[in-house]
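Counting from 1, position 61 in the sequence shown corresponds to residue 224 in my numbering; the numbering is continuous, with no gaps.
Right, one structure below, let's go through it.
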Amino acid sequence: MTNHIEFVQDWFAEVESTPGRLRQVAFRRGEKLFAMVRPVVTNQGQAPSANLKLADGTTALHIPLSRFSITGNLAWGA
Numbered sequence: 164m165t166n167h168i169e170f171v172q173d174w175f176a177e178v179e180s181t182p183g184r185l186r187q188v189a190f191r192r193g194e195k196l197f198a199m200v201r202p203v204v205t206n207q208g209q210a211p212s213a214n215l216k217l218a219d220g221t222t223a224l225h226i227p228l229s230r231f232s233i234t235g236n237l238a239w240g241a
């Protein structure tokens, strides 16, 4: 399920466009976008971060849950 999210703090994230290809992207406070939120799981359990699969097919890695809020849900392609 796709979520409508809004960043509540400025954040620089590693974004993966293809496996192994990373670039840094700035997400600004108040920026809104659609993404699939995938919690990061470690050996100790669930970490307080998530990978965001963005609508353009890229993935923002290890975004702290405190940096964004979910403002709504939407099915892909709707």
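Don't be surprised by glycine CBs; every beta carbon is placed ideally from N, CA and C.
Would you decide whether residue i is buried or exposed? Buried here means 16 or more other CB atoms lie within 10 Å of its CB.
{"i": "residue 165", "result": "buried"}
{"i": "residue 189", "result": "exposed"}
{"i": "residue 237", "result": "exposed"}
{"i": "residue 241", "result": "Residue confidence is low: residue 241 scores 47 on pLDDT, short of 50, so the model does not pin down where it sits. Its coordinate-derived value is still stated next. With fewer than 16 other Cβ atoms within 10 Å, it is exposed."}
Alpha carbon to alpha carbon, how far is residue i from residue j?
{"i": "residue 199", "j": "residue 180", "result": "15 Å"}
{"i": "residue 191", "j": "residue 206", "result": "31 Å"}
{"i": "residue 171", "j": "residue 222", "result": "19 Å"}
{"i": "residue 209", "j": "residue 224", "result": "15 Å"}
{"i": "residue 211", "j": "residue 174", "result": "15 Å"}
{"i": "residue 235", "j": "residue 167", "result": "5 Å"}
{"i": "residue 215", "j": "residue 203", "result": "10 Å"}
{"i": "residue 178", "j": "residue 169", "result": "17 Å"}
Taking the alpha carbon of residue i as the reference point, which residue from the options has its own alpha carbon closest?
{"i": "residue 217", "options": "204, 196, 236", "result": "196"}
{"i": "residue 186", "options": "176, 219, 168", "result": "176"}
{"i": "residue 231", "options": "184, 220, 194", "result": "194"}
{"i": "residue 201", "options": "228, 183, 169", "result": "228"}
If residue i and residue j are in contact, beta carbons under 8 Å, what's the gap, nearest whole angstrom?
{"i": "residue 213", "j": "residue 226", "result": "6 Å"}
(Q) Which complete beta strand (DSSP E) runs does the region 166-225 hold, if anything under 3 residues is left out? (A) For the region 166-225, whole beta strand (DSSP E) runs of length 3 or above, ordered along the chain, are 174-181, 184-190, 195-205, 208-217.
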